[in-house]
Amino acid sequence: MVTRAAWLIVLIAAAAFAHAQSRPAFTVQPGGVVAATLPPSVLQDPGVRKQLGSGLTTTFLVVARQREAGILSGARLEIRYDLWDEVWLVRKIEFDRREERQRITSREALEKWWRAPLRLLATGRERVSLQIDLNVLPFSAAEEEDARQWISKSGGVGTGGAGNAGFVEALIGTTISARPITTFKWNVALSLKEP
Amino acid sequence: MTGTRSTILVLLTIAAATLAFWAVLHQISSLWLDVALRPEVREALARSMEDQKKLRALDPEKREEYRRRFDATHKLLNRIEVIRMNRAAMLRRFELTLLVAFALVAILAAVSLSIRYRRARERERRQYLERVTTLQETARRHAHEIKGPLTAARLEAERIADADIRQSVTEELDRLARFTREFSTFGGLGKPVLRRESLGEMIDEFCTTFAQAWPGLDVIPSVAREPGGVSRQASASQPRPHRSLAHARDDIVCVDRDLFRQVLVNLCTNSAHANATRVTLAIARDALEVSDDGSGVPDSLRGRIFDPYVTTGKGMGLGLAISRKVMLEHGGDLRLVESSPAGTTFRITFGELTCS
Chain A
0 MVTRAAWLIV
10 LIAAAAFAHA
20 QSRPAFTVQP
30 GGVVAATLPP
40 SVLQDPGVRK
50 QLGSGLTTTF
60 LVVARQREAG
70 ILSGARLEIR
80 YDLWDEVWLV
90 RKIEFDRREE
100 RQRITSREAL
110 EKWWRAPLRL
120 LATGRERVSL
130 QIDLNVLPFS
140 AAEEEDARQW
150 ISKSGGVGTG
160 GAGNAGFVEA
170 LIGTTISARP
180 ITTFKWNVAL
190 SLKEP
Chain B
0 MTGTRSTILV
10 LLTIAAATLA
20 FWAVLHQISS
30 LWLDVALRPE
40 VREALARSME
50 DQKKLRALDP
60 EKREEYRRRF
70 DATHKLLNRI
80 EVIRMNRAAM
90 LRRFELTLLV
100 AFALVAILAA
110 VSLSIRYRRA
120 RERERRQYLE
130 RVTTLQETAR
140 RHAHEIKGPL
150 TAARLEAERI
160 ADADIRQSVT
170 EELDRLARFT
180 REFSTFGGLG
190 KPVLRRESLG
200 EMIDEFCTTF
210 AQAWPGLDVI
220 PSVAREPGGV
230 SRQASASQPR
240 PHRSLAHARD
250 DIVCVDRDLF
260 RQVLVNLCTN
270 SAHANATRVT
280 LAIARDALEV
290 SDDGSGVPDS
300 LRGRIFDPYV
310 TTGKGMGLGL
320 AISRKVMLEH
330 GGDLRLVESS
340 PAGTTFRITF
350 GELTCS
């Protein structure tokens, strides 16, 4: 009987741990700034793992929506694996446009960087209900634009024929876009009142 | 009816052409995109990048050159990868755009053809009416010119002493009088005064009134043409067969009752001349089909049977010209649908004119 109870406790603890691992943790910083620590499970997602090794810039777009105020805020993380030097080139842009770039040499260091709090929004409220969307985009806007230019030139757009060029550019321009390869959604209610 | 069928046919043709175009387009566009995105191409580029990395270790002096080549290849691979990820959306957009363009061109072509067809029909209608009107005027004048001398000739003929000669001359004068009457009728044909009438009721009435008009010829109303061209006919054994039409349908048309009756009389007279034993009047939506089991229109006359004075030898050859003119002035038409030694079918259509 005791053994069964022990197993049950272990199972519940494991489930709770797994649940905690798959959700972001939130901290409140001075000035009513809400920061999120993204769960490591995102980086371990098979689709994300595959994309991270592609050499393209995997973009993590975090959108925080304050339900009460209807305010949108967010941050962006970009990770590109440099196939030549075999290092991770990362970039973090937070809600206040504070930008940080790093060159990371190992997967462990990358996961450590990933766990650093990401500043999402600032609010004057004591309680906020947030809906957090994390969209994983397979490539960056610059890579998208580069591919668009390239295929436009391949289609003869750059060589003349203004009418057709405009048409093809419009056609391609509205078609090539970074659609999320996966999306994570979380809802959270936070109390920002300092103890 | 004919217009609706033509429209449906045109729409079906456009749809079929668009589908065929899409199928071909799908194959072609998939092909060119797939050629560019073949896995072998990407694998070759990836191998090339690996080779550049190995070369930098083997030949450190040219490290920068290998790096440049590596970056160029990597950029190319990235572009292909981005396009590969958007393959489905690109194909969809490309095909949809061309499909819409094709459909628009097809619709414009169909509309243009339809307008041209309608204009040609209208021109032909106008020219026919002008020609027949001119002939009407000529016929009216001839009839007027002949009537006076004919009356005088009749009076003179009565003075002929020899009874045989008198009879012979009188018979010829009677024949001339009949022709003159026909000329006069043709010349004096008035414009239709349109009223809302039930087609079924008119046909019922016609079949009742003219049941015995042509010896050996049954004039039978028919409810509707069924698939396969078989009309459901009211058989002679039924007590009041013709009544079924008025109750079966409520086909209101704008028509001059007297002139329309004249058209039916002319068609039935022609059927009688063609030794028909039965004429069927079948309502099919807003048209009336008049079919007989006579000997048919000779091939040599088929293209010009509506021209005045074209005749098989029986009559003046004015009946069909008069009938078509009447229907054209109704805004409709009278057309020969088919003719063979087994019988002839005419279709009478009614226009969209408003009634007075």
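Protein chains in written order, with numbering that gives the first Met the number 0: chain A, 0 to 194; chain B, 0 to 355. All C-beta atoms, glycine included, are put in the ideal place defined by N, C-alpha and C.
I'd like the ranges of any beta strand (DSSP E) spanning at least 3 consecutive residues and lying wholly in the stretch 14–51 of chain A. 24–28, 32–36
Could one say the Cβ of residue 76 of chain B lies closer than 8 Å to chain A's Cβ atoms, at least one of them? yes
Give the DSSP-derived three-state secondary structure of residue 113 of chain A in the structure shown. helix
What residues in the stretch 125–143 of chain A bring their beta carbon closer than 9 Å to a beta carbon of chain B? 137, 138, 142, 143
For residue 22 of chain A, which residues of its own chain have a beta-carbon under 7 Å away from its beta-carbon, when the five flanking residues on both sides are left out? 38, 185
Contact with chain A by residue 66 of chain B, beta-carbon distance below 8 Å: yes
Return the chain-ordered ranges of every beta strand (DSSP E) run that is complete within the stretch 178–206 of chain B and spans a minimum of 3 residues. 194–197
Cβ neighbours of residue 55 of chain A in the same chain (closer than 8 Å, five flanking residues each side left out): 79, 137, 138, 139, 142
For residue 238 of chain B, which residues of its own chain have a beta-carbon under 8 Å away from its beta-carbon, when the five flanking residues on both sides are left out? Below a pLDDT of 50, predicted positions are generally treated as unreliable, and residue 238 of chain B, at 35, falls in that range; no measurement from the model is reported.
Output yes if chain B places a C-beta closer than 8 Å to the C-beta of residue 174 of chain A; else output no. yes
Assign residue 60 of chain B to one of two classes, buried (16 or more other C-beta atoms within 10 Å of its C-beta) or exposed (fewer than that). exposed
Please list, in chain order, all residues of the same chain as residue 346 of chain B whose beta carbon is under 6 Å from its beta carbon, the five residues on each side excluded. 286, 288, 334, 336
Would you mind sorting residue 6 of chain A into buried or exposed? The rule is 16 or more other CB atoms within 10 Å of its CB. exposed
By the three-class DSSP mapping on this structure, what secondary structure does residue 178 of chain A have? coil
Give the range of the alpha helix (DSSP H) segment to which residue 267 of chain B is assigned. 256–272
Below 8 Å between beta carbons: does that hold for residue 305 of chain B and residue 323 of chain B? yes
Do residue 145 of chain B and residue 179 of chain B count as a contact pair if the criterion is CB distance below 8 Å? yes
Three-state secondary structure (DSSP) of residue 184 of chain A: strand
Counting only runs of 4+ residues fully inside the stretch 6–70 of chain B, write out the alpha helix (DSSP H) ranges in chain order. 38–57
Taking 8 Å as the CB-CB limit, is residue 170 of chain A close to chain B? yes
How big is the Cα-Cα spacing for residue 152 of chain A and residue 52 of chain A? 28 Å
Going by other Cβ atoms of all chains shown within 10 Å of its Cβ, with 16 needed for buried, is residue 105 of chain A buried or exposed? exposed
Report, in whole angstroms, the separation of the C-beta atoms of residue 269 of chain B and residue 319 of chain B, which I expect to be a contact under 8 Å. 7 Å
Tell me the rounded alpha-carbon separation between residue 313 of chain B and residue 321 of chain B. 16 Å
Examine chain B for any beta-carbon lying closer than 8 Å to the beta-carbon of residue 149 of chain A, and answer yes or no. yes
Beta strand (DSSP E) containing residue 101 of chain A: first to last residue? 98–103
Below 8 Å on C-beta distance, what does residue 92 of chain B contact in chain A? 170, 173, 174
For residue 46 of chain A, return the contacting residues in chain D, with the cut-off set at a CB-CB distance below 7 Å. In the structure shown, chain D does not exist; the protein chains are A and B.
Given this structure, state the Cα-to-Cα distance separating residue 212 of chain B from residue 263 of chain B, to the nearest angstrom. 12 Å
So is residue 250 of chain B buried or exposed if we call it buried at 16+ other beta carbons inside 10 Å? buried
Contained alpha helix (DSSP H) runs [length at least 4] in the stretch 103–183 of chain B, N- to C-terminal order: none
What does the alpha-carbon distance come out to for the pair residue 233 of chain B and residue 131 of chain B? Note that residue 233 of chain B scores a pLDDT of 44, beneath 50, so its modelled location is shaky and nothing firm can be said.
Using a C-beta to C-beta distance shorter than 8 Å, which residues of chain B count as neighbours of residue 55 of chain A? 77, 80, 81
Does residue 7 of chain B pass the burial test, meaning 16 or more other C-beta atoms within 10 Å, or should it be called exposed? exposed
Rounding to the nearest angstrom, what Cα-Cα distance links residue 255 of chain B and residue 294 of chain B in this structure? 30 Å
Could you check where the beta strand (DSSP E) with residue 325 of chain B kicks off and where it finishes? Segment 318–328 is the alpha helix (DSSP H) holding residue 325 of chain B; no beta strand (DSSP E) there.
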